[in-house]
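Converting from the sequence shown to the numbering used here requires adding 5 to each position, the first position being numbered 1. In this text, a Cβ means the ideal position worked out from N, Cα and C, and glycines have one as well. Model, not experiment: these values are computed from the prediction.
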Amino acid sequence: RLQGQYGSSRFEAEVEVSDFEAMETILGKLGFIPTMIYEKYRTTYQLDETEVTLDEMPYGTFVEVEGDRDAIGRVVKALGLDDARRMTASYTVLFKFVKSNMGLDFTDLTFANFEGISVPENAFDTVGL
6 RLQGQYGSSR
16 FEAEVEVSDF
26 EAMETILGKL
36 GFIPTMIYEK
46 YRTTYQLDET
56 EVTLDEMPYG
66 TFVEVEGDRD
76 AIGRVVKALG
86 LDDARRMTAS
96 YTVLFKFVKS
106 NMGLDFTDLT
116 FANFEGISVP
126 ENAFDTVGL
């Protein structure tokens with residue numbers, strides 16, 4: 006599955022947090038409460054002026070290619086991903102599709118929750134939702 010910025014874009018802001026507990030306290034003081042636990046393993050590469058990330062999610066593995074349109078096109082072709090299914094929804098939205106399509110009732114996107122569950126490609130479809 007290919008999730009990428011190839012033909013789509015969205016704003017992302019990332020910041021490194023050195024003290025998880027302090028950040029959790031700050032967010033709590035601002036009124037934020039946890040609504041979902043979300044797990045993934047990510048490996049990041051640089052290739053031909055793009056950032057290529059490999060994400061292992063509890064419901065599948067994904068490739069994300071970020072950069073300018075021309076560089077993305079070259080990298081997608083070089084990696085042999087021309088015919089790969091492209092998904093532009095966020096991982097949490099994809100999780101909602103999978104839950105709905107498979108009748109799952111848990112709220113956390115964790116490896117433990119998906120243990121022993123095989124997620125078919127059509128579980129990511131929006132048809133009927």
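Query	Result
Looking only at DSSP bridge pairs, what is Asp60 linked to?	Arg47 and Phe67
Evaluate Gly121 with the Cβ neighbour count: other Cβ atoms within 10 Å of its Cβ, from every protein chain shown; 16 or more gives buried, anything less gives exposed.	exposed
Could you give the C-beta distance for Thr115 and Pro63, rounded to a whole number, given that I count them as a contact under 8 angstroms?	6 angstroms
Where does Met41 fall in DSSP's three states?	coil
Should the segment 80-97 be called in touch with the segment 105-113, which here means at least 3 C-beta pairs below 8 angstroms?	no
Is DSSP giving Thr30 helix, strand or coil here?	helix
Considering just the uninterrupted stretch of the alpha helix (DSSP H) at Arg74, what are its terminal residues?	Arg74 to Ala83
Any idea what DSSP makes of Val97, helix, strand or coil?	What sits at residue 97 in the sequence shown is Thr, not Val. Note: Thr97 maps to helix in three-state DSSP.
On the DSSP bridge assignment, give the partners of Arg90 in chain order.	BP columns for Arg90 are empty, so no partner.
Within 10 angstroms of the Cβ of Phe25, are there 16 or more other Cβ atoms? Answer buried if so, exposed if not.	exposed
Could you tell me the alpha carbon to alpha carbon distance between Thr48 and Lys34, rounded to whole angstroms?	32 angstroms
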